[in-house]
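First up is the structure itself, then whatever we jot down about it.
Number of protein chains: 2
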Amino acid sequence: MRKEIKRIKVKDLLVSKSFGKEVHVKGWVRTKRGSKKIGFIALNDGSIIHNMQIVVDFPEFDEQTIKQITTGSCLSVTGTLVESKGKGQNVEIHARHIEVYGTADPDTYPLQKKGHTLEFLREIAHLRFRTNTFGAVFRVRHTMAYAVHKYFNDKGFYYLHTPIITSSDAEGAGEMFRVSVLDDLNPPKTPEGKVDYEKDFFGKETNLTVSGQLEAELAALALSEVYTFGPTFRAENSNTPRHLAEFWMIEPEMAFYDINDNMDLAEDFLKFIVSYTLENSPDDLEFLNKMYDKELLERLRFVVEKEFIRTNYTEAIKILKNANEKFEFPVEWGSDLKAEHERFLVEKYYKRSVILTDYPKDIKAFYMKQNNDGKTIRAMDVLFPRLGEIIGGSQREEDYDRLKGRIDELKIPVKELWWYLEVRKFGTAPHSGFGLGFERMVQFVTGMSNIRDVIPFPRTPRSAEF
Amino acid sequence: MRKEIKRIKVKDLLVSKSFGKEVHVKGWVRTKRGSKKIGFIALNDGSIIHNMQIVVDFPEFDEQTIKQITTGSCLSVTGTLVESKGKGQNVEIHARHIEVYGTADPDTYPLQKKGHTLEFLREIAHLRFRTNTFGAVFRVRHTMAYAVHKYFNDKGFYYLHTPIITSSDAEGAGEMFRVSVLDDLNPPKTPEGKVDYEKDFFGKETNLTVSGQLEAELAALALSEVYTFGPTFRAENSNTPRHLAEFWMIEPEMAFYDINDNMDLAEDFLKFIVSYTLENSPDDLEFLNKMYDKELLERLRFVVEKEFIRTNYTEAIKILKNANEKFEFPVEWGSDLKAEHERFLVEKYYKRSVILTDYPKDIKAFYMKQNNDGKTIRAMDVLFPRLGEIIGGSQREEDYDRLKGRIDELKIPVKELWWYLEVRKFGTAPHSGFGLGFERMVQFVTGMSNIRDVIPFPRTPRSAEF
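Residue numbers (my numbering), protein chains in the order written: chain A, 9 to 474; chain B, 9 to 474.
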C-alpha cells in the first residue's frame, strides 16, 4: 500500500499558502533547540538552502524518538503547515508524527553545528553536500550546467560526446594519463624491448583525452554548430587552487564562424550563463556573497552588464609596458601573459571583461588560423576579473597546406591526425571554436577560491578518494 | 568589415516565407545535376536532414567555379529565395553569387552519391556526419540528451559530475581500465616486487569508473534528488553489436524513494525521452523509419502509450517455464534472464514494456536492498521490445548492518568503500536509483542495430581510432 500523503520538498513548502493543511516533509536535521515542552527543528532536504522549521510539542512524542533527533539525523515528518510567528521564516510545520529514518551519533558525526574549514570538509566529501556551503555550490553548479545545455540547444547547436580514451594528443602537451589493461608487472614486449601496445585492449597505446576539440571540428564540418561538455584530463603535477587532474570542459565548434563571430558567441554565451544563474539560483548566490565573497554579486552583474573590450595582444603588451605597475613576471612581446597581467588589463586598465586576439603563433597551438603577417594567429582569449583567462579559442586553420606546414614545423606526429587533416582536403570551410573550463567558471560564479571546492570529488596529485 | 547579410540555416530557410528576398546560405554539396544551361545543387548544412535546392544559371558563372562544385565541396551561396515549382521542396534559392570554400576531389572523396555500408562508414567516422543517416542519428542523439537534462531539471533534480578516475569498483566486476603515469617499462617496485602505486600520480592504483552510482548516492543523501550523465567504461573483450568499452550512462539517485517510486520515475522518464524526441526530431525519425526500420515509429509510440506491466522475477520464471517456446538458454529460478527471455515477455506474452522486480540476490549487486525472505532483493529491471533490459535499478540497502553483512559475505574489499558505508551510519534514509545506458536507448529510438553507429567515435576491442 502506498503512503497517503505525498512528500513535498522544502523548496515548495516555503512558498506554499496551504495553511492548516496536513503536509509531509523529509530531510536532515540541521539543529534542534527548545525547552522541555517545545522544540524547534531546522530540517533541510537539499532542495533549497533554507530549512523548514518543525515545531514539536515534546510531551506528545515518546522520549526515545525525541532523543534520536540530533544534528545529522534523517526524519520523516507529518504535520500541519502554519504561518510562522517566529523570525526568519514565513511558514512552519506543527509536527503530528515523526519517524526517525537514520540517527547520527553526536559523538562521532563529524558535521556538528560549529563551523568547519573548507579543508576539513574536503576530507569528508561524502558528507559535505549536507552543509549550506556545498549545498549552495552544487546547486549553482547544476544551474550553470543546465544553462550551458539550454543555451546551445536553443541556438540549434548539437551536443556531441567526443571520446575520452584516445590515441591522439590534441594539445601536443604530452601530460597525459595512460589507459591500459596490460599486465602491469610483466607487460608483453616488442622485439626492440618496448612495451607491446599492439597486445593492449585497443591494439595501440591510448590515453585520457585532454580536449574534445579536434573531434568536435569533424562534426562541425557537417552539422555546422556543435558543442561538447565532457571530462578532460591533465597529468600535470600542479598542486594549486586552480588545477585539477580531471575537469569538465565545454567546447563549441562552429562551421562558417570567423574570429569575430567566435567572439560574439563567447561573449553572449558567458553573459547568458551568468544571468541565467543569477535568475535561477538567487538564494544560493546571496548566501555565497554573504559568507565568502562580498563582491560576488556585484562582479557577476559587472560581467553581464558591461560590453567586453576587444583588442589584440600587441596592443595589450603596449599597455602593460607603459603601465605604472610592478609585475612579478616581465612583459615582452612573444611571451604568454600571466594572470597578473590579465587581471591588470581587466580590473585596473579597462575595468571591463576583455577579449584579446592575434597572439604570437609560437605560444599557441598548431591548429589556430595563421594571419598573413607570418607572426600571429587568430586566437582569442577572454579575460575575466579575479581569474584572468576564462576562455581560450580561435579561428581554426582550414587550409590544408598551411595546417600541414605548421604540423611539420612543430614535428607533431601526423600519423594519429590523418582524419583531422582530411576534413581540410574535402569540403573545408572557415570555422572557429573555443574552450571553457567548467570548474573555472563555477569558481567565478560561486566565488569559491579553491577549485577543489566546486567539483564533487576532486582529483589532484596524490588524491583520488571516493 | 562584417558581411552584410547574415547566413541563415537551411532549417530556417525551408520554412521561411521571405520570397523575393536575398538570402545567404552555406553548406556542403550533396548532389549537382542539370543541363549545360541550368544546374540544381542540393546543399546540406547539417541543421536538418533536408537539402536546400540551389538553382544556378550556369552561363552567369565562371567555368572554374562551376567545375569545383562537386559532391562534398563546401559553398557559400547568396541568392533570391523563391517558391519552388519542382517536386520535393517548397522553396529554392536562385544563386547570384557562389563562393567555393573547399573542394572535394571526385576521384578521392569517399562519400560519393552511391550508397555506402554502415561498416564502411564506421572506417571514416570523421566524414560520416555528412551522410543522411549519421546526420539523423546524431541530431536525434542530441535531442535525447537534451531531453534527459530537461526532464530532471524540471523535476528539481541536480546534475552531478561523478569522478571518472576512481579507486573503487562499483560493480565488483573487475573489468576495468588502469590509469597510470608510471614508467610502463620499468615501474617502481615495492619490497615485495609488486608495482609501487604509492609512487603513481594519485598515490594509489586507479581505474576508469564503471558507474557513478555509489558517489551519486552520497549526494542524494543530502540534496534529495540527483542524476549523473557521464562516460563509464568496461574493459570487456566483447565484440558484439551491443557492447562498447566506453559509453555514457544516466544514473538518477533519489532519497526517500522506495522501489515503487523508483518504478514510477523510470516509466515516466523513459516515456518522456521518447515522446520529447518524437516531437522534436520528427524528420530524422521518419527518415530512419523509412530507411532502417519500418516499425520504428510504431514501436516508439507503443512505449509511450502503453502502461508498463509490473510483476516480479518469480512470476516471470513461471510464465517462461510454462511458455510453449523453445529458448536457447534454460529457464531456472536463480539464473539471470537472457535477452530472448526478456523479449518473449515483452513482445509475445504481455505485449507491453515490463518492469520486473525482486530478483534473486545472488545474481545482483551487493548494494541492493534485501527483502525479508532472505533470497531476493528489491531490484527492478525495465524490459523493452527489441532490446530486452534497458534499465537496471533498485531500492538501495540503507541499513548499515545488512549492507556491511553483504559486503563481508561477498568478500568485497571494504577499505575503498568506507565513505559508502558511512552515509548509512549518519542520517541514513530509504533511497533508490537506476541506470540507463544512453547508447542502448539511442539504439532503441533510432532503430540502428549496431551500437557503434550511435556514438560518434566508438571504442571497442582493438579500435580507438580518431
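Each residue gets a CB set at the ideal place from its N, CA and C atoms; glycine is no exception. Model, not experiment: these values are computed from the prediction.
For this session: Specify the secondary structure class of Arg10(A) as computed by DSSP and reduced to three states.
Result: Low confidence applies here, because Arg10(A) scores a pLDDT of 44, under 50, leaving its location unreliable and the question unanswered by this model.
For this session: Look at the alpha carbon of Gly96(A) and the alpha carbon of Ala243(A), and state the distance between them as a whole number of angstroms.
Result: 48 Å
Problem set entry | Cβ contact (3+ pairs, closer than 8 Å) linking the region 85-103 of chain B and the region 62-70 of chain B | Flag = yes, the region 85-103 of chain B and the region 62-70 of chain B touch.
Exercise. Leaving out the 5 sequence neighbours to the left and right, which residues in its chain are closer than 8 Å to Gly42(A) when beta-carbon positions are compared?
Worked result: Excluding sequence neighbours, Gly42(A) sits near Phe48, Val64, Phe66.
Exercise. What three-state label does DSSP hand Asp65(A) in the structure shown?
Worked result: strand
Exercise. Between Ala228(B) and the rest of its own chain, which residues show a CB-CB distance below 8 Å, the 5 nearest in sequence each way excluded?
Worked result: Around Ala228(B): Val234, Glu261, Met262, Ala263, His439, Gly441.
Exercise. Looking only at its own chain, which residues have a Cβ that is under 8 Å from the Cβ of Glu476(A), when we skip the five neighbours before and after it?
Worked result: Lying before the first or after the last residue shown, residue 476(A) is absent from chain A, which here runs from 9 to 474.
For this session: Go ahead and label Val23(B) buried or exposed: buried means 16 or more other beta carbons lie within 10 angstroms of its beta carbon, across all protein chains shown.
Result: exposed
Exercise. Name the chain A residues whose beta carbon is nearer than 7 Å to that of Gly54(B)?
Worked result: Ala230, Leu231, Ser232
Exercise. Quick one: Cα of Lys412(A) to Cα of Leu429(A), how far?
Worked result: 7 Å
Exercise. In angstroms, rounded to a whole number, what distance separates the CA positions of Phe146(A) and Gln120(B)?
Worked result: Distance between the alpha carbons of Phe146(A) and Gln120(B): 49 Å.
Problem set entry | Continuous beta strand (DSSP E) stretch holding His105(B): start and end | According to the DSSP assignment, His105(B) belongs to the beta strand (DSSP E) that extends over 99-110.
Exercise. From which residue to which residue does the beta strand (DSSP E) around Asn458(B) run?
Worked result: Premise fails: Asn458(B) is in no beta strand (DSSP E) and is neither H nor E.
Exercise. In terms of residues, what are the limits of the beta strand (DSSP E) holding Asn52(B)?
Worked result: In the DSSP annotation of this structure, the continuous segment of the beta strand (DSSP E) that includes Asn52(B) starts and ends at 46-52.
Problem set entry | Short-range partners of chain A found in the region 146-159 of chain B, where Cβ spacing is below 7 Å | Phe146, Arg147, His150, Ala153, Tyr154, His157
For this session: Could you tell me the distance, in whole angstroms, from the CA atom of Phe392(B) to the CA atom of Ile398(B)?
Result: 6 Å
Problem set entry | Nearest candidate by alpha-carbon position, reference Glu89(A), set Phe446(A), Ala103(A), Gln76(A) | First, the amino acid is wrong: residue 89(A) is Leu here, not Glu. Among Phe446(A), Ala103(A), Gln76(A), the Cα nearest to that of Leu89(A) is on Ala103(A).
Exercise. The alpha helix (DSSP H) with Glu313(B) in it runs from where to where?
Worked result: 304-313
Problem set entry | Short-range partners of chain B found in the region 373-387 of chain A, where Cβ spacing is below 7 Å | none
Exercise. For the region 361-412 of chain B, which segments carrying the beta strand (DSSP E) assignment without a break, of at least 3 residues, lie completely within its bounds, in sequence order?
Worked result: Fully enclosed beta strand (DSSP E) runs of 3 or longer: 362-368, 384-392, 396-403.
Exercise. So, helix, strand or coil for Val189(A), using DSSP?
Worked result: coil
For this session: Measure from the alpha carbon of Arg186(B) to the alpha carbon of each residue in Thr236(A), Thr365(A), Ile173(A), Glu340(A), then state which is nearest.
Result: Ile173(A)
Exercise. Any Cβ of chain A within less than 7 Å of the Cβ of Trp341(B)?
Worked result: No, no contact with chain A.
Exercise. Taking Cβ positions only, does Phe209(A) come closer than 7 Å to chain B?
Worked result: Phe209(A) counts as touching chain B.
For this session: Could you check the C-alpha separation between Pro469(B) and Gly54(B) for me, to the nearest Å?
Result: 31 Å
Exercise. Just checking my contact of Phe316(B) with Val362(B) at CB under 8 Å: how many whole Å lie between their CB atoms?
Worked result: Correct: roughly 6 Å between the Cβ atoms.
Problem set entry | Length of the line joining the Cα atoms of Arg136(A) and Thr170(B) | 15 Å
Exercise. Distance, Cα to Cα, Ile101(B) vs Leu286(B)?
Worked result: Roughly 30 Å separates the two Cα atoms.
Problem set entry | Rounded straight-line distance, which links the Cα of Thr240(A) to that of Ser188(A) | 17 Å
For this session: Give a yes or no on contact between the region 300-309 of chain B and the region 447-457 of chain B, applying the rule of three or more CB pairs nearer than 8 Å.
Result: yes
Problem set entry | the region 245-255 of chain B / the region 457-465 of chain B touching (three or more Cβ pairs under 8 Å) | yes
For this session: Please list, in chain order, all residues of the same chain as Glu275(A) whose beta carbon is under 6 Å from its beta carbon, the five residues on each side excluded.
Result: Phe316
Problem set entry | Alpha-carbon to alpha-carbon, Leu231(B) and Lys25(A) | Answer to the nearest angstrom: the Cα atoms are 24 Å apart.
Exercise. Which class does Glu254(B) belong to by DSSP, given the choice of helix, strand or coil?
Worked result: strand
Problem set entry | Closest Cα partner of Phe209(B) within the set Leu190(B), Leu216(B), Glu225(B) | Leu190(B)
Exercise. In angstroms, rounded to a whole number, what distance separates the CA positions of Asn379(B) and Arg414(B)?
Worked result: 13 Å
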